[in-house]
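Enquirer: Just so you know, the sequences run in chain order A and B. For the first sequence, the numbering used here gives the first residue as 1, with consecutive numbering after it. For the second sequence, the numbering used here gives the first residue as 1, with consecutive numbering after it. From the three backbone atoms N, C-alpha and C, an ideal C-beta is built for every residue, glycine too.
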Amino acid sequence: MSAVLEFDRVNFAYPGSDVSALTELSLSISEGESLALLGPNGAGKTTALRLAMALLHPVSGEVRVMGKATVGRMPEDVAGNAGFLFQRPEHQLFASSVREDVAFGPRQLGQDNIDEVVERALDQLELGDVASVHPYDLPAPRRRLVALAGVLALRPRLLLLDEPTAGLDRHSRLLVRRALAAHRAEAGAVVAVSHDGEFVLEALDRAVTLEHGRVVGDGGSAEALGRLGAPPAPAWARLVAQMGAAPAQWRFEPAVEFVAMRCRAAPDA
Amino acid sequence: MSAFTATGAGFRYDAGDAAALVDVTLSLNAGTVTWFTGAPGAGTSTLLLLAAGLAPLHTGGTATGVVSLLGENPQSAEGRERLAGRVAYVSADPASQLSGIAETVRREVAFAPANLGRQREQILASAARAMERMEIAHLAERAPASLSGGEQQRVAVASMLALEPGAWLLDEPGSALDARGRETLAAVLRDEANRGALVMVASEDADWLVGWSDRLIVMKAGQLVQDGTPAALLADPSLAETGAGSTAIATFARALAERDQRLASASYPVTVQDALERWA
Numbered sequence: 001m002s003a004v005l006e007f008d009r010v011n012f013a014y015p016g017s018d019v020s021a022l023t024e025l026s027l028s029i030s031e032g033e034s035l036a037l038l039g040p041n042g043a044g045k046t047t048a049l050r051l052a053m054a055l056l057h058p059v060s061g062e063v064r065v066m067g068k069a070t071v072g073r074m075p076e077d078v079a080g081n082a083g084f085l086f087q088r089p090e091h092q093l094f095a096s097s098v099r100e101d102v103a104f105g106p107r108q109l110g111q112d113n114i115d116e117v118v119e120r121a122l123d124q125l126e127l128g129d130v131a132s133v134h135p136y137d138l139p140a141p142r143r144r145l146v147a148l149a150g151v152l153a154l155r156p157r158l159l160l161l162d163e164p165t166a167g168l169d170r171h172s173r174l175l176v177r178r179a180l181a182a183h184r185a186e187a188g189a190v191v192a193v194s195h196d197g198e199f200v201l202e203a204l205d206r207a208v209t210l211e212h213g214r215v216v217g218d219g220g221s222a223e224a225l226g227r228l229g230a231p232p233a234p235a236w237a238r239l240v241a242q243m244g245a246a247p248a249q250w251r252f253e254p255a256v257e258f259v260a261m262r263c264r265a266a267p268d269a
Numbered sequence: 001m002s003a004f005t006a007t008g009a010g011f012r013y014d015a016g017d018a019a020a021l022v023d024v025t026l027s028l029n030a031g032t033v034t035w036f037t038g039a040p041g042a043g044t045s046t047l048l049l050l051a052a053g054l055a056p057l058h059t060g061g062t063a064t065g066v067v068s069l070l071g072e073n074p075q076s077a078e079g080r081e082r083l084a085g086r087v088a089y090v091s092a093d094p095a096s097q098l099s100g101i102a103e104t105v106r107r108e109v110a111f112a113p114a115n116l117g118r119q120r121e122q123i124l125a126s127a128a129r130a131m132e133r134m135e136i137a138h139l140a141e142r143a144p145a146s147l148s149g150g151e152q153q154r155v156a157v158a159s160m161l162a163l164e165p166g167a168w169l170l171d172e173p174g175s176a177l178d179a180r181g182r183e184t185l186a187a188v189l190r191d192e193a194n195r196g197a198l199v200m201v202a203s204e205d206a207d208w209l210v211g212w213s214d215r216l217i218v219m220k221a222g223q224l225v226q227d228g229t230p231a232a233l234l235a236d237p238s239l240a241e242t243g244a245g246s247t248a249i250a251t252f253a254r255a256l257a258e259r260d261q262r263l264a265s266a267s268y269p270v271t272v273q274d275a276l277e278r279w280a
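#1: Are the beta-carbon atoms of B:Val105 and B:Val66 separated by less than 8 angstroms?
#2: Is the CB of B:Ser238 under 8 angstroms away from at least one CB in chain A?
#3: Taking Cβ to Cβ, would you say A:Asp162 is nearer than 8 angstroms to A:Pro141?
#4: Does chain A have any CB closer than 8 angstroms to the CB of B:Arg129?
#5: With distances taken from CA atoms, which of A:Ala222, A:Arg251, A:Ser221, A:Gly213 is nearest A:Ala13?
#6: Assign B:Arg133 to buried or exposed, taking buried as 16 or more other Cβ atoms, counted over all protein chains shown, within 10 Å of its Cβ.
#7: May I ask you to list, following chain order, the residues of the region 32-44 of chain B that have a beta carbon less than 8 angstroms from some beta carbon of chain A?
#8: Under the criterion of a Cβ to heavy atom distance below 7 angstroms, does B:Glu183 qualify as lining the ligand PLP?
#9: Would you say B:Leu233 reaches chain A, if we count a Cβ-Cβ gap shorter than 8 angstroms as a contact?
#10: Where are the alpha helix (DSSP H) runs, 4 residues long or more, that stay fully inside the region 180-215 of chain B, in chain order?
#11: Quick one: which unbroken alpha helix (DSSP H) runs of 4-plus residues sit fully inside the region 133-169 of chain A? Chain order, please.
#12: Can you pull out the residues from the region 92-111 of chain A whose beta carbon lies closer than 9 angstroms to at least one beta carbon of chain C?
#13: Can you tell me where the alpha helix (DSSP H) with B:Ile249 in it begins and where it stops?
#14: On the DSSP bridge assignment, give the partners of B:Arg133 in chain order.
#15: Interface residues of chain B around A:Ser17 at Cβ under 8 angstroms?
#16: Taking C-alpha atoms, which residue in A:Ala43, A:Ala82, A:Ser60, A:Leu152 lies nearest to A:Asp101?
#17: With DSSP as the reference, identify every bridge partner of B:Tyr284, one or two as the case may be.
#18: Work out the CA separation of B:Leu26 and A:Leu228 for me, nearest whole Å.
#19: Can you pull the chain B residues whose beta carbon is under 8 angstroms from the beta carbon of A:Glu322, in chain order?
#20: For A:Gly128, which residues from the same chain have a beta carbon less than 6 angstroms from its beta carbon, with the 5 sequence-adjacent residues on both sides left out?
#21: Measure the alpha-carbon distance for B:Val87 versus B:Gln226 and round it to whole angstroms.
#22: If you draw a straight line from the alpha carbon of A:Asn281 to that of A:Ala166, how long is it in whole angstroms?
#23: State buried or exposed for A:Pro15, treating a residue as buried only when at least 16 other CB atoms are found within 10 Å of its CB.
#24: Let me know if B:Asp274 comes out buried or exposed under the rule of 16 or more other beta-carbons within 10 Å of its beta-carbon.
#25: Express the C-alpha separation of A:Phe7 and A:Val256 in angstroms, rounding to a whole number.
#26: Give the residues of chain B in contact with A:His183, contact being defined as C-beta atoms less than 7 angstroms apart.
#27: Is it right to say B:Phe111 is buried, meaning 16 or more other beta carbons lie within 10 angstroms of its own, or is it exposed?
#28: Please classify A:Leu228: does DSSP put it in a helix, a strand, or coil?
#29: At the 8 angstroms Cβ level, is B:Tyr13 part of the contact set with chain A, yes or no?
#30: What do you get for A:Lys45, buried or exposed, if any count of 16 or more other CB atoms within 10 angstroms of its CB means buried?
#31: Which residues bound the alpha helix (DSSP H) around A:Phe104?
#32: Classify B:Thr229 as buried or exposed, calling it buried when 16 or more other Cβ atoms lie within 10 Å of its own Cβ.
#33: Using only CA atoms, which one of A:Gly110, A:Phe84, A:Val130 lies nearest to A:Glu119?
#34: Let me see if you follow: with CB-CB separation under 8 angstroms, is B:Glu172 close to chain A or not?
#35: Chain A partners of B:Arg259, CB-CB under 7 angstroms?
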């Protein structure tokens, strides 16, 4: 498996700040991998994503995307390999219609089959019915989906997502999960910052926990949520854990099956 | 006396085909936390914008009917003038709320009361107290733009808290907060209600709101469709028909009922504790 994204002893502090945002960060993410960056507000999660997109550059150490160091490169130089979903979708929406917005990135990169790629991205996130609407005339949750469709249409190997499910309803979250699964099936990698325990558990296999800019944990996402409770594991995972289910059963469908079996087995159920 | 009333309130954005709010009639008391939810586009955000006087002023569109906040009409220029400093509007997008000119978090939090011409000693004291309560005192000398999204959201709330407002209008205020931040915010808003403030909060996050809101109003296609106590409405299987989400456990119970008819129930468990009592 080749590495899609590597952090190699990366140190970073924001200009004018005497606080280190990231300290000696070393991490490697391979093709097909999905990684959650967990940790409290201010731990350095978004900073790590920005470094991967060449929006920031390390003070020391090296960040490599598809084997190539980001030093001296601009976000647009990385955009062929990495797509970034901002915490505020408003940062990346500016065209006069949803379809135009989604097509903007691939056009800038001079990709081919643009129509096909755009339709697929709109389709994946169920935005076909609003394709000709102005993005700002959509409710905030759907604006986030438009921004994600624009990132998917770039067909990057690496998706960098900052709170991709914030404010999304259940169905929209399912669409995001499916889109990420399709991306990984095509050898793509995902790195997401999220406080949404349900999303982390269902969509991301590996979890790295940061505190004060340092890695304090790296392992399976179910174990990380079970151990830390931060972000809080979804309530059903806590429920079935208390009922004695294994981490493999802490995902929604296996959890439903586990409780259904228990209830059927109970004499008065 | 009602701190907020809407009488036949409607709203239509310039671009939308459908009305964003349809004939909303509602009365809310000071000292309570009212939680609004619904499927995306149900109208909860628009209702808060209308109550704050931000719609149609900043959004465009057309309002009909009558709204009153703290006894004033937020749709009129005179009403908004009298409401200045008494209303805290907090959006899901904290960065858009920061002044952009304050060099430090302390100055940012003091910005609104200073702008209203309050006394220096009083401003410093209320800013310090607000930062303490939102647990950002350690960030006081940092530049607001250098903070993370979650930290900025705390700053946005603290800057409103320093105003000691009579009404809070919050739209997904926990979207970027970690678990600790959500608990802190819930406690602060509960205290604000206990102090006598009106609190209106729009959120999808049932697991967060269920424990500390007094009243739940469910909206669908711009209308109020359910109104009651959070625990009762979230347990009711009919909530799903509105498109609004319930707690993770109630959603789980619904999936269980769909899987096996024998496990269907007239009321779902809402919390982990409810579910353990029923199933364990």
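Expert: With the structure as the only source:
#1: Judged by their CB atoms, B:Val105 and B:Val66 are not nearer to each other than the 8 angstroms cut-off.
#2: Chain A, which has no Cβ nearer than 8 angstroms to the Cβ of B:Ser238, makes this no.
#3: Cβ distance not < 8 angstroms, so A:Asp162 and A:Pro141 don't count as in contact.
#4: Taking Cβ atoms only, chain A never reaches closer than 8 angstroms to B:Arg129, which makes this a no.
#5: Taking A:Ala13 as reference, the option from A:Ala222, A:Arg251, A:Ser221, A:Gly213 with the minimal CA-CA separation is A:Gly213.
#6: Residue environment for B:Arg133: buried (at least 16 other C-beta atoms within 10 angstroms of its C-beta).
#7: For the region 32-44 of chain B, which is checked against every Cβ of chain A, the residues closer than 8 angstroms are Ala39, Pro40, Gly41.
#8: Ligands are entirely absent from the displayed structure, and the ligand PLP is therefore not among its contents.
#9: Output row for B:Leu233: interface = no.
#10: Those alpha helix (DSSP H) runs which fall completely within the region 180-215 of chain B and span 4+ residues are 206-209.
#11: Unbroken alpha helix (DSSP H) runs of no fewer than 4 residues, entirely contained in the region 133-169 of chain A, are found at 140-153, following chain order.
#12: No chain C appears in this structure, whose protein chains are A and B.
#13: Per DSSP, B:Ile249 belongs to the alpha helix (DSSP H) from 248-259.
#14: Paired residue(s): none; B:Arg133 is not in a bridge.
#15: Correct list: Arg142, Ala143, Ser146.
#16: The candidate whose alpha carbon is nearest that of A:Asp101 is A:Leu152.
#17: Residue 284 of chain B falls outside the range modelled here, since chain B spans only 1 to 280, and no answer is possible.
#18: Reliability fails at A:Leu228, whose pLDDT of 48 lies under 50, so the model's placement of it is uncertain and no value is given.
#19: Outside the modelled stretch of chain A, which goes from 1 to 269, sits residue 322 of chain A, for which no answer is possible.
#20: Taken in chain order, the residues that qualify are Leu122.
#21: Straight-line Cα distance between these residues: approximately 26 angstroms.
#22: Absent from the model: residue 281 of chain A. The displayed extent of chain A is 1 to 269, so no value can be given.
#23: By the 10 Å Cβ count, A:Pro15 comes out exposed.
#24: Buried: at least 16 other Cβ atoms inside 10 Å.
#25: If you take the alpha carbons of A:Val256 and A:Phe7, they lie about 38 angstroms apart.
#26: Neighbours of A:His183 on chain B: none; closest Cβ ~23 angstroms, over 7 angstroms.
#27: With 16 or more other Cβ atoms from the protein chains shown falling within 10 Å of its own Cβ, B:Phe111 counts as buried.
#28: With a pLDDT of 48 at A:Leu228, under the threshold of 50, the modelled position of that residue is not reliable, and the figure given next carries that caveat. In the structure shown, A:Leu228 sits in a helix (DSSP, three-state: H, G or I).
#29: So yes, B:Tyr13 belongs to the interface.
#30: A:Lys45 counts as buried, since at least 16 other C-beta atoms from the protein chains shown sit within 10 angstroms of its C-beta.
#31: Taken as a continuous stretch (DSSP letters only), the alpha helix (DSSP H) holding A:Phe104 covers 98-108.
#32: So B:Thr229 counts as exposed.
#33: Comparing alpha-carbon positions, the option among A:Gly110, A:Phe84, A:Val130 lying closest to A:Glu119 turns out to be A:Val130.
#34: Yes - at least one Cβ of chain A is within 8 angstroms of the one on B:Glu172.
#35: B:Arg259 reaches chain A at Val256, Ala260, counting residues in chain order whose Cβ is nearer than 7 angstroms.
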